[in-house]
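Numbering of the sequence shown is given in this note's numbering, commencing with residue 38 and proceeding in unit increments.
Backbone N, C-alpha and C define an ideal beta-carbon position, used for all residues, glycine too.
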Amino acid sequence: MNPDRYQELFERSADANLIIVGERFVDCNAATLVMLGYASKQEMLNVHPSMLSPEYQPDGQLSYEKANTMIQLALARGSNRFEWYHRRANGEIFPVEVLLTAIPDPGEQMLHVVWREIGARKHAEQALRDSRDQLAAIFEATHEGILVLDAESGEPLNMNHALRTMLNLGSGDSPAACRSLLPRELAVDTLRPSMADTPSGVAPLSVLMRRHDGRAFHAEVQSSPLTLQGRNCLIVVIRDVSERVQRESRSRHAQKLEAIGTLAGGIAHDFNNILASMLGYTELVLERLPVGSMEHEDLSEVVRSGQRAVELVRQILTFSRHTTSAVTRLDLHSSIRDVLQMLRSTLPSTVHIDQDLAVGSWVMADETQMQQVVMNLCTNAFHAMESTGGTLRIRLRDVELDDESLPHGLSCGSHLELLVHDTGSGIPPEVLPHVFDPYFTTKPQGKGSGLGLAMVEGIIKEHGGAITVSSCAGQGTRFRVLLPRAAGADTAPRPTSDAQPVLAGGPERILVVDDEPMVAELVRKTLEKMGYRVRTFTDSTRALAHFKDNPMAFDLVLTDQTMPNLTGYELARALLALRPELPIVLCTGFSSSIPEAKALELGIRAYLLKPTSRVELAHVVRRALDS
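Printed below as a string of C-alpha cells:
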C-alpha cells in the first residue's frame, strides 16, 4: 500500500491508533488524543507508556508485567486481542479493547496498536449480568415452584428452591431428580398439543403430585412456552394448593352435614310426634294400672323403650349437626358408651367389642367433638378388621403424668387415657408417620377421604390433649389419647321409684296449639287430668284469631314451634304484642332453629324439648303459671 495512503488511514481512523517501537510510543492519531484527553501529539508521546495505565489491572496483575506478557504474545503470534484498562490525562480509568499487531522489522521491535473504547459495552454487559442476577434471585425467591423443561425431550433443565422444598429434594439434587416425581399431566407429549392450541400457555391444571418421600399433595400447574438461549423450553409453575383443597373439602363437608342435619331434623320432628303420642298415651294408661301389676311392668318397659328411641334420635342429630365448639364438663365414660351403643348395630358379628371404661371420667370438652373422635377411631379400627374379624379393645382410665412420661405439649398432672386397639394387620412402618396427615389414606378410591384421623388429631390438640399411634405388623394398631382431667362431680345415681309421682295441677285455662291432632289431644287429656281447663287448636292462624277475640280468656299458651302458616315463635310474638304478660311455653324438636336464649329473650316463659314426659310437662306448666 502507498505509504501516504496508509498514513491517511492511520490518521483518520475513529479508533485510537498508535505505534510502539521498543518500549515507547512513537506515533498516534487524533482519535488517541481525544480518547486520552491530551492537547497535542507531542504532549502525549512524551508521556511514558506506564503512565497511561493504572498500577493494577482488574484481575490483580501489575499493568507493567501484564503489558509485557501481552506484547510477547503478539510478537509470538503476530497479533493479540485483549481487554485493558487505561488512564486518561485527567486520571479517569476506562476500558478498551486492544489489538496488538506485530510489524516485521529486523532491526527493531515494532507494534501497531488499536484501542477501541468499550465503556458502553461494559455497562451493557454489566446491566445484562445484573438483570440475569435479578431474575435468578426472583426465580429462587418466589414461593411457587418453577420448573424449566426442554420442550422436545422433556428433560428438566432447572428448578427453583421452592420446588425443591415442595418435592422434599435436597439442594444437591440435580433437576433430573424431579423427573420421576412428575405426574403424567406434566409430560411434554401431553402438554405439547395443548400448547399448540394455546401458544400463550396452558390453562391451570389440577394434579395430584408426590413428594420425594412418597407423600401425596394437591397441586395446580400452569405451563408456558419460552425460548432460552435459542432452546425451546417449557416453563412450568407449580403451586401447592393442599390447604385450599382442605378448606374446600371442609366446606363441602360442612354443607353435607348441614343438609344431613336438615333432613334428620325434619325426620326427627315427625318421629318425635309419634314418640310423644306413644309415650304420652302409655303413661296415661299406666296411671290407671296398679303399680307392680304385670300390665304395669309391661307398659313401663314400653316407656323405657320409647325413651331409648328418644335418646337415639338425639344422638343422631348430635352427629349430623355442625355446630361451633361448646365446651362443658363432660363425663367421657357416658359419651363413649353412647357411641359404642350406636356402633354395635353396624359392626359384623366377626368383630367383638371389649370395653373397660372407668366411671366418673370428667373432662372439659365439647361432647359432639369427643363423640366424633371415638367414632372415627373405632371406625378406623373396624376397617382394619373388616375382612378378617377380630377384637376392638377400648380402655378408659385415670393416669398421672410426670416429667418422664410427659408427651410433648402436655403438662404434668391428672389425665384421662383412652386406648383404642384393634387386632388387624397393622400399619406398615413407612405409612405410620403419615397417618395424621390430611388427605393421606391407603384406602381405595371412594373408600376414604384421608380426613378422619387428621380431624381427630385436630380436635384432641384443640382440647389440650395429645394422640399417639403405635403398630406392629400382624398385631394390630393402638391409638392412645390423653386429655387433661377435669375436677370431679357428683356421679351418684339418682334415686328411682316405681311410685306414681304427684303432679301439681290447677284450675287455670290453657290454650294448646299443635298441628298434629294426636299430639294436641294427648296434651289436652294430660293437662285436664291435672285439673286444667284446656282448649286446643291445630291451626296456628285460627288460634291467633280466637285469642284476639278475647285476649284474657287464657292463663297460659302451650305451642309447638314447627307448624305451617305461623311458627310457634311467630305466634308467641303476636300473642305477646296483644298481651305482654301472657305466660307462653314453646315446645320444639331437637332440630329447631330457635335457640332457648332467643325464645326467652322474646318473653317466652319456658322452653320444652319434644317429646316430653307428663312429669316434666306438669312441672314446666306449673312453674310458668306461678312465675
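Runs of alpha helix (DSSP H) wholly within the stretch 575 to 659 (minimum 4 residues, chain order): 577 to 586, 605 to 615 and 633 to 639
Burial state of G502, where buried means 16 or more other Cβ atoms lie within 10 Å: Buried: at least 16 other Cβ atoms inside 10 Å.
Neighbourhood of L204 by C-beta, 7 Å cutoff - its chain only, sequence neighbours within 5 removed: These residues qualify, in order along the chain: C215, L218, R248 and H249.
Segments assigned beta strand (DSSP E), at least 3 residues, entirely inside the stretch 376 to 444: 388 to 394, 399 to 403 and 427 to 438
Alpha-carbon to alpha-carbon, E120 and P95: 10 Å
CA nearest to the CA of P444, picked from Q406, A402 and L520: L520
6 Å Cβ shell around I504 - same chain, five flanking residues per side excluded: E494, I497 and V518
Through-space distance from R381 to A636, alpha-carbon basis: Distance between the alpha carbons of A636 and R381: 38 Å.
Residue interval of the beta strand (DSSP E) (run including I155): Segment: none, I155 is in no beta strand (DSSP E) and carries neither H nor E.
Member of T227, E92, V278 and G115 whose CA lies at the smallest distance from the CA of S190: T227
Sub-7 Å separation of T575 and A557 beta-carbons: yes
Cβ neighbours of V657 in the same chain (closer than 7 Å, five flanking residues each side left out): V622, A643 and L645
Proximity of L581 and P620 at Cβ, strictly below 7 Å: no
Cut-off 8 Å between Cβ atoms - residues of its own chain near A68, not counting five sequence neighbours on either side: S50, A51, D52, A53 and N54
Sheet register partners of F254 (DSSP bridge): Answer is M246.
Three CB pairs or more closer than 8 Å across the stretch 81 to 93 and the stretch 57 to 65: Segments in contact, yes.
Residues of its chain near I641, where Cβ-Cβ distance is below 6 Å and the 5 sequence neighbours each way are ignored: A609, I621 and L623
Distance, L613 Cα to R561 Cα: 23 Å
Own chain, CB closer than 8 Å to I547, minus 5 neighbours either side, in chain order: By the criterion of a C-beta distance shorter than 8 Å, I547 is surrounded in its chain by L564, Y569, R570, V571, R572, F591, D592, L593, V594, L595 and V658, once the five residues flanking it on both sides are discounted.
Exposure label - D307; buried when at least 16 CB within 10 Å: That one is exposed.
Exposure of K585, with buried meaning 16 or more beta-carbon neighbours within 10 Å: exposed
Residue from H198, V225 and E192 with nearest C-alpha to A213: E192
Under the three-state DSSP convention, the category Q146 falls into: In this structure, Q146 counts as coil in the three-state DSSP scheme.
Other residues of its chain near L662: CB distance less than 7 Å, five sequence neighbours each side excluded: Answer for L662: G543, E545, D592, L593 and P620, listed in chain order.
Beta-carbon spacing of V396, H370 below 7 Å: yes
Option nearest L469 by Cα separation, candidates L490, V457 and C449: L490
Identified DSSP bridge partners for Q259: V274.
Span of the alpha helix (DSSP H), counted from its first residue to its last, around F473: First-last for F473: undefined, no H or E at that position.
Per-residue DSSP class, three states only, for T179: coil
Where M196 sits in the DSSP three-state scheme: strand
Close-in-space but distant-in-sequence residues of the same chain around R366 (CB under 7 Å, 5 per side omitted): W399, M401, A523 and A526
Sub-7 Å separation of P673 and L316 beta-carbons: Because residue 673 is not part of the residues shown, which for the chain are 38 to 664, the question remains open.
L73 beta carbon less than 7 Å from that of A126: In this structure, L73 lies closer than 7 Å to A126 by Cβ.
M567 versus R660 - alpha carbon distance: 14 Å
Of the listed residues L414, S286 and R221, nearest to V376 (C-alpha basis): Of L414, S286 and R221, the residue nearest in Cα terms is L414.
Alpha-carbon to alpha-carbon, M407 and T387: For T387 and M407, the distance between alpha carbons rounds to 26 Å.
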